[in-house]
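*Asks:*
Number of protein chains: 2
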Amino acid sequence: MIQPLDLCRSQLPNVRQALEQAEVLCQQRGTRLTDLRRRVLEIIWNSPAPLGAYAILDVLRNDGRQGAPPTVYRALDFLLEQGLIHRLATLNMFTGCRRPDCCHSSQFLICRDCGQVEELSNPAVDELLRDEAATRQFEVLAQMVEVLGRCPNCRGVAFHAR
Amino acid sequence: MIQPLDLCRSQLPNVRQALEQAEVLCQQRGTRLTDLRRRVLEIIWNSPAPLGAYAILDVLRNDGRQGAPPTVYRALDFLLEQGLIHRLATLNMFTGCRRPDCCHSSQFLICRDCGQVEELSNPAVDELLRDEAATRQFEVLAQMVEVLGRCPNCRGVAFHAR
DNA sequence: TTGATAAATGTTATCTTATAACAATTGTTA
DNA sequence: TAACAATTGTTATAAGATAACATTTATCAA
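Protein chains in written order, with this note's numbering: chain A, 199 to 360; chain B, 199 to 360.
#1: Taking only beta-carbon atoms, is A:Gly347 less than 9 angstroms away from chain B?
#2: Roughly how many angstroms lie between the CA atoms of B:Leu223 and B:Leu277, to the nearest whole one?
#3: Quick one: list the residues of chain A neighbouring B:Thr288, beta-carbon separation under 8 angstroms, in chain order.
#4: Tell me, please, which residues DSSP counts as bridged to B:Gln314.
#5: Counting C-beta neighbours from all protein chains within 10 Å, is the total for B:Ala359 16 or more, i.e. buried, or is it exposed?
#6: For A:Phe336, name the three-state secondary structure that DSSP assigns.
#7: Can the beta-carbon of B:Val270 be found closer than 9 angstroms to that of B:Ala251?
#8: So if I threshold CB-CB distances at 7 angstroms, which residues from the segment 325 to 336 of chain A count as touching chain B?
#9: In this structure, does DSSP put A:Arg297 in helix, strand or coil?
#10: Leaving out five residues on either side along the sequence, give the residues of the same chain with a beta carbon under 7 angstroms from the beta carbon of A:Asn290.
#11: Just verifying my parser: in three-state terms, what is the DSSP assignment at A:Cys224?
#12: Give me the subset of the segment 246 to 279 of chain A whose CB atoms are less than 9 angstroms from a CB atom of chain B, sorted by chain position.
#13: How would you list, in chain order, the residues of chain B whose beta-carbon sits under 7 angstroms from the beta-carbon of A:Glu316?
#14: Along chain A, in chain order, which residues have C-beta atoms closer than 9 angstroms to that of B:Arg353?
#15: Does the structure place the segment 341 to 354 of chain B close enough to the segment 332 to 351 of chain A that three or more beta carbon pairs sit under 8 angstroms?
#16: Hey, is the segment 312 to 320 of chain A in contact with the segment 296 to 312 of chain B, meaning 3+ C-beta pairs nearer than 8 angstroms?
#17: Note down the Cα distance separating B:His284 from B:Arg297, rounded to an integer number of angstroms.
#18: Excluding the 5 residues flanking B:Thr293 on each side, which residues of the same chain have their C-beta closer than 7 angstroms to its C-beta?
#19: Tell me which same chain residues have a C-beta within less than 8 angstroms of the C-beta of A:Arg236, skipping the five on either side of it?
#20: Taking C-alpha atoms, which residue in A:Leu231, A:Leu258, A:Thr232 lies nearest to A:Asn244?
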């Protein structure tokens with residue numbers, strides 16, 4: 199008996215939960231999650247795959263909002279600062295952070311075909327890179343680890359129920 | 199007695215050597231390192247820090263060459279395919295590959311201040327990421343590991359001679 | 001050598017991503 | 001309420017990348 203699983207979706211926390219957590223975090227930090235910023239965060243979480251700034255802008259305009267690129271980029275800057283979203287450098291796109299509550303270095307598995315992203319947080323990767331840097335007296339400010347490939351769904355990998 | 203070291207420079211292979219190696223590799227592979235492609239590779243190697251496509255284009259035009267963006271991007275595509283250069287996704291820039299002869303996954307230490315780049319090739323990083331991917335039945339096509347920070351020179355770190 | 005073909009480059013136009021600069025609005029606090 | 005800071009609106013443009021088609025150059029078979 200074959201039982202296909204939708205791995206990617208099963209790992210997406212729901213949108214409302216992400217928004218509530220963002221609300222709490224910003225309150226704790228004394229930063230302002232304005233309407234615009236909350237809406238941008240919501241748009242990002244609503245999307246199954248990462249979004250580009252201009253795609254987000256399109257949604258905002260569909261909302262009936264005014265807006266130009268800076269509108270979006272400023273909101274994105276805020277959300278990045280707060281650790282509520284990540285920027286995927288290889289795609290020039292943005293995706294919701296799965297663990298906005300704690301500082302962590304992330305690694306991303308990005309599916310070339312469907313665009314869905316899995317966020318990892320393997321401390322060993324972080325440590326290895328820090329060690330390499332330390333050896334060279336290099337001060338680490340940020341890490342960017344992205345693995346491009348194909349997710350199980352897009353590979354057509356079937357899982358057999360045990 | 200204090201002995202400052204110029205670590206970054208000391209690791210840059212010289213340009214001629216890089217070009218000769220590229221020549222040999224392309225000959226072995228039956229690919230054509232044309233004048234344009236060789237010149238672009240030379241421009242990249244001549245620069246102490248990574249270059250953007252348009253900066254390369256400017257140099258080409260100073261050469262007296264004709265050219266438009268596609269001219270450069272096509273040459274860059276070829277050099278990337280041949281593994282003679284790397285693209286730094288966080289900077290949208292290109293840098294010469296230190297080990298074009300062997301397939302390898304690279305990690306980069308990128309100095310935010312001076313822009314200089316150190317290329318690492320730590321197999322453990324590669325393996326960790328492959329393991330994480332394998333666990334998730336994710337097929338790896340490419341890895342992008344970039345560490346942004348400050349190099350010893352820009353931190354003002356002094357080295358003491360032993 | 002020539003003609004046919006493929007590869008590389010030239011050229012124009014356009015698309016995508018991102019930011020600078022300044023104006024208007026909104027929120028906060030003395 | 002006035003003064004100030006933060007946020008958002010608006011216009012323009014910079015910077016990175018590619019599509020589409022023309023032209024040139026290299027390669028190779030006849």
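Note that the Cβ used here is the ideal one computed from N, Cα and C, for glycine as well. From a predicted model like this one, the values you see are computed outputs, not experimental measurements.
*Replies:* According to the structure shown:
#1: yes
#2: 11 angstroms
#3: Ala287, Met342
#4: B:Gln314 pairs with nothing; no bridge assigned.
#5: Caution is warranted here: a pLDDT of 44 is assigned to B:Ala359, below 50, making its placement in the model unreliable, and no coordinate value can be reported.
#6: coil
#7: yes
#8: Leu326, Leu327, Glu330, Ala331, Arg334, Gln335, Phe336
#9: coil
#10: Gly250
#11: helix
#12: none
#13: Arg334
#14: Gln335, Phe336, Glu337
#15: yes
#16: no
#17: 11 angstroms
#18: Ile242, Pro248, Ile283, His284, Leu286, Val315
#19: Leu217, Ala220, Glu221
#20: A:Leu258
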